[in-house]
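**Q** The opening residue of the sequence shown carries number 0 in numbering that gives the first Met the number 0; numbering runs sequentially from there.
Yeah, the Cβ is synthetic: ideal placement off N, Cα and C, and Gly gets one too.
Computed from a prediction, not measured in an experiment: that's the story for all the values here.
Next up is a structure, given as structure tokens.
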Amino acid sequence: MKICYLNKGISVHDHKILAELVKQGNDVHLLSFQKGDLLPLPGVTLHRMPFPSSLVAFPLASLMTPALVRKIKPDIVIGNYLLTYGFYAAFANYHPLLQIAWGSDVLLAPENP
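Pasting the structure below:
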């Protein structure tokens, strides 16, 4: 199965999830706007997208993500952290789509606009 996983790719949770998806024999693609070095993720194809300036970040990221998702042609899209990568994944309008809430995106962020 070809999986398109959207998130920074820097947390231990990302690494555990991605490693397990690879272990299961999936073709895993990570889409990340993360700057700097990422730890090596064996078996994961990294698609690093340049993150635009903060003033236009969401509109530009929202336009770049759908094109890349369509190019990859995954069997499933997984969006992480609903307020950023989850939003980009949803905006790609590609299905099936799995959204993963990480906790602070639904518990803390709404209280701190």
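Sort Lys22, Asp26, Arg47 by Cα distance to lysine 34 and report the nearest one.
**A** It is Arg47 whose Cα lies nearest to the Cα of lysine 34.
**Q** Does the Cβ-Cβ distance between leucine 97 and glycine 78 come in under 9 Å?
**A** Result yes, Cβ atoms of leucine 97 and glycine 78 sit closer than 9 Å.
**Q** How about valine 118 and leucine 59: are their beta carbons less than 9 Å apart?
**A** Here the chain comprises residues numbered 0 to 112, so residue 118 is not present and cannot be evaluated.
**Q** Would you mind reading off the limits of the alpha helix (DSSP H) that contains lysine 1?
**A** First-last for lysine 1: 1-5, but that is the beta strand (DSSP E), not the alpha helix (DSSP H).
**Q** Would DSSP call serine 31 helix, strand or coil?
**A** Strand, per DSSP.
**Q** CB of glutamine 23 to nearest heavy atom of the ligand SAH: below 8 Å?
**A** Although the ligand SAH was asked about, the structure shown includes no ligands whatsoever.
**Q** Anyone know if the C-beta pair for lysine 1 and isoleucine 99 falls short of 9 Å?
**A** It is not a contact, given that the beta carbons lie outside the stated cut-off.
**Q** Quick check on the DSSP output: the beta strand (DSSP E) that includes leucine 97 runs from which residue to which?
**A** Leucine 97 -> beta strand (DSSP E) spans 96-99.
**Q** Please classify aspartate 13 as buried or exposed, where buried requires at least 16 neighbouring CB atoms within 10 angstroms.
**A** Burial call: buried.
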